[in-house]
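Chains A and B are the protein sequences, given in the same order. Just add 6 to wherever you are in the first sequence, counting from 1, and you've got my numbering. Just add 6 to wherever you are in the second sequence, counting from 1, and you've got my numbering. Take a look at the structure below.
Number of protein chains: 2
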Amino acid sequence: MKPELAAVEALVFDTFGTVVDWRSSVIAEGQSWGNAKGLQIDWAKFADRWRLGYAPAMNKVRKGEIPWTKLDDLHRMILDDLLREFKIEGLTEEEKVSWSHVWRRLKPWPDSVAGLTRLKKKFTIAPLSNGNIALMASLAKFGGLPWDAILGSELVRHYKPDREVYVSAYELLDLKPQEVMMCAAHAGDLRAASGNGLRTGFIHRPNEFGLPGALGAAGVADHANSGDFDIVSESIIDLAQQMGA
Amino acid sequence: MKPELAAVEALVFDTFGTVVDWRSSVIAEGQSWGNAKGLQIDWAKFADRWRLGYAPAMNKVRKGEIPWTKLDDLHRMILDDLLREFKIEGLTEEEKVSWSHVWRRLKPWPDSVAGLTRLKKKFTIAPLSNGNIALMASLAKFGGLPWDAILGSELVRHYKPDREVYVSAYELLDLKPQEVMMCAAHAGDLRAASGNGLRTGFIHRPNEFGLPGALGAAGVADHANSGDFDIVSESIIDLAQQMGA
Chain A
7 MKPELAAVEA LVFDTFGTVV DWRSSVIAEG QSWGNAKGLQ IDWAKFADRW RLGYAPAMNK
67 VRKGEIPWTK LDDLHRMILD DLLREFKIEG LTEEEKVSWS HVWRRLKPWP DSVAGLTRLK
127 KKFTIAPLSN GNIALMASLA KFGGLPWDAI LGSELVRHYK PDREVYVSAY ELLDLKPQEV
187 MMCAAHAGDL RAASGNGLRT GFIHRPNEFG LPGALGAAGV ADHANSGDFD IVSESIIDLA
247 QQMGA
Chain B
7 MKPELAAVEA LVFDTFGTVV DWRSSVIAEG QSWGNAKGLQ IDWAKFADRW RLGYAPAMNK
67 VRKGEIPWTK LDDLHRMILD DLLREFKIEG LTEEEKVSWS HVWRRLKPWP DSVAGLTRLK
127 KKFTIAPLSN GNIALMASLA KFGGLPWDAI LGSELVRHYK PDREVYVSAY ELLDLKPQEV
187 MMCAAHAGDL RAASGNGLRT GFIHRPNEFG LPGALGAAGV ADHANSGDFD IVSESIIDLA
247 QQMGA
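Structure (structure tokens):
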């Protein structure tokens, strides 16, 4: 381990794409629900369109076009548009709530629980996500993610990459910036964390937007070379290994 | 279980006195440190005096006499007074920080981890304490408390029994007030929770302020009769049992 990483006491994680596989989870739930309802929907397209609505919705909050709105509610706003676009009609309010909460029921990547469990023995671990607390707590319950605490955007009413979110991570944990490592599959998130003094751990998630090589409709998985970040890893287990946990 | 308790989805816990035994932990650490330093101090009195400083310090924040100050820092302010009172001199800054962080190293009551582990299978569990996040996360790490999330005063910059703290519990968990049960060994905390619509679970901690029958220098353990709160229990295991967990 690099000597400057010996000071790290806490690892905070991006969650959607980094810890959980949102795409295949949304597709699987769509297929199961669609079959039961007799609907013919391209659920991969549905999942990708939903994800594509995420950044613009957060940007509206960031630019002050709409007041602070938690991610559960942004998911619902996007869902309402999607239902129109995909011509899915006749859902009860209860069904709409359940659908917007599909983001509370996302499967962890196969290495996530084992990797986090190892890291937890040596470090404080917490999500630092744009997801609100209820969403993150449900996701942890659903997937067995062994967080020590839940941090993130709702606590400061700012969305990443706003600096307030990164600053809150070390302030709420009573640590110095360089004692906290931001871990994510997304280079932009890590660059923003680094710009605020945090250490960075890249986790490669080649399948986040579908099989590698396929044209990612909602994005393309980031790659990183050794040296781009403090740690460059292939999984959370690999990250744990590299951090001596 | 009473039918109205079937809606409960989350249990939030007072921590000092309810989940952890602050008094014997502070005394034990004092005795060990005092022996090494060759100091003759009445550590029980020291612990009780420290606890006695807690409510007035928080009241200064509540009344606006001082700006928001997290509990770790209030502990330090009280410690500085105590060191003068007990004529303990010559501590390095590092030792003072370590001493004010003794509140991060408090032993859970013998039933706490087992009781919480049972409850966690059926409910979302979180501390709703006046302790700040770093303090609560350290305490959980130290004692193996299996929280799903860490809630409490720091997130709303108010101390219990201010209503903002109780309201934050159900708002952050995206629940209705009656879907959250406040659990505490202190009747005042539970009455405030109930006044804000939460369910209440009393946990009897007869030894919080020392052995029962002894004149509690920092307070007297609360008792409750069946019917005073939604649940009246003798331990967190008993509470879990009564909640069907």
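Each residue gets a CB set at the ideal place from its N, CA and C atoms; glycine is no exception. Bear in mind that the values here come from a model prediction, so they are computed numbers and not experimental data.
Closest Cα partner of residue i within the set the options
i                   : options                                : result
methionine 83/B     : Leu245/B, Tyr60/B, Val25/B, Arg205/B   : Tyr60/B
glutamate 91/A      : Trp49/A, Glu100/A, Thr123/A            : Trp49/A
aspartate 86/A      : Ser106/A, Gly201/A, Thr123/A           : Ser106/A
glycine 36/B        : Ile94/B, Leu11/B, Met7/B               : Ile94/B
leucine 112/B       : Leu89/B, Ala143/B, Lys128/B, Lys127/B  : Ala143/B
valine 226/B        : Val103/B, Gln248/B, Ala193/B           : Ala193/B
valine 171/A        : Gly203/A, Pro73/A, Asp27/A             : Gly203/A
alanine 146/B       : Leu141/A, Ala199/A, Trp153/A           : Trp153/A
arginine 211/B      : Ala16/B, Thr98/B, Val173/B, Pro114/B   : Pro114/B
tryptophan 39/A     : Glu15/A, Glu101/A, Val26/A, Arg29/A    : Glu101/A
leucine 178/B       : Leu161/A, Glu177/A, Asp168/A           : Leu161/A
leucine 80/B        : Leu11/B, Leu58/B, Asp180/B             : Leu58/B
arginine 169/B      : Gln184/B, Asp180/B, Lys182/B, Ser200/B : Ser200/B
proline 62/A        : Met249/A, Tyr165/A, Gln184/A, Leu181/A : Tyr165/A
phenylalanine 235/A : Ala198/A, Ala224/A, Leu181/A           : Ala198/A
proline 9/A         : Gln184/A, Asn213/A, Gly150/A           : Gln184/A
aspartate 180/A     : Ser30/B, Asp180/B, Met249/B, Arg110/B  : Arg110/B
serine 159/B        : Leu11/B, Ala132/B, Leu151/B            : Ala132/B
tryptophan 28/A     : Asp228/A, Gly233/A, Glu214/A           : Glu214/A
glycine 233/B       : Ala224/B, Ser241/B, Arg205/B           : Arg205/B
serine 241/B        : Val26/B, Met7/B, Leu11/B               : Val26/B
Residues near residue i by beta carbon distance below 6 Å, same chain, minus five either side
i                  : result
alanine 190/B      : Asp20, Thr24, Leu196
alanine 175/A      : Val18, Leu134, Leu157, Val186
valine 32/B        : Ala53, Val108
threonine 130/A    : Ala16, Asp154
leucine 251/B      : The question names leucine, but residue 251/B is alanine in the sequence shown. The answer, listed in chain order, is Arg124, Leu125, Lys128.
glutamine 255/B    : A question about residue 255/B goes unanswered here, because the residues of chain B that appear run from 7 up to 251.
proline 167/A      : Ala198
phenylalanine 22/B : Trp28
methionine 7/B     : Gly250
Residue i - partner residues in DSSP beta bridges
i             : result
proline 133/B : Phe19/B
serine 239/A  : Ile209/A
alanine 155/A : Per DSSP, none; premise fails for alanine 155/A.
proline 114/B : Val26/B
valine 186/B  : Ala16/B
7 Å Cβ shell around residue i - same chain, five flanking residues per side excluded
i               : result
leucine 245/A   : Gly121, Cys189, Gly207, Ile209, Ile237, Ser239
leucine 77/B    : Asn136, Gly137, Asn138, Leu141
alanine 13/B    : Gln184, Glu185
aspartate 255/B : Since the first residue shown for chain B is 7 and the last is 251, residue 255/B is missing from the structure and cannot be characterised.
valine 173/B    : Asn202
alanine 224/A   : Asp54, Arg57, Leu58, Phe215
Beta-carbon proximity list for residue i, same chain, < 8 Å, skipping 5 on both sides
i                   : result
asparagine 231/A    : Val238
isoleucine 243/A    : Asp117, Ala120, Gly121, Arg124
tryptophan 74/B     : Val67, Arg163
leucine 97/A        : Leu89, Trp105
phenylalanine 148/B : Arg110, Arg111, Leu112
glycine 150/B       : Pro114, Val119
leucine 11/A        : Met187, Arg205, Asp236, Ile237, Met249
asparagine 41/A     : none
valine 103/B        : Arg82
Counting pairs of Cβ atoms below 8 Å between the stretch 115–122 of chain B and the stretch 45–54 of chain B, do you hit three or more?
no
Short of 9 Å Cβ to Cβ, which residues in the stretch 146–167 of chain B face chain A?
Ala146, Lys147, Pro152, Trp153, Asp154, Ala155, Ile156, Leu157, Glu160, Leu161
Closer than 8 Å is the cut-off here; do at least three beta carbon pairs connect the stretch 40–47 of chain B with the stretch 56–76 of chain B?
no
Interfacial residues, the stretch 129–146 of chain B to chain A, with Cβ spacing under 9 Å
Close to chain A, meaning a Cβ-Cβ distance shorter than 9 Å, are the following residues of the stretch 129–146 of chain B: Thr130, Ala132, Asn138, Ile139, Ala140, Leu141, Met142, Ala143, Ser144, Ala146.
Got a sec: which bits of the stretch 178–208 of chain B sit with their beta carbon under 9 Å from any beta carbon on chain A, in order along the chain?
Answer set for the stretch 178–208 of chain B: Leu178, Leu179, Asp180, Leu181.
Residues of the stretch 62–80 of chain B whose Cβ lies closer than 9 Å to any Cβ of chain A, in chain order
Lys76, Asp78
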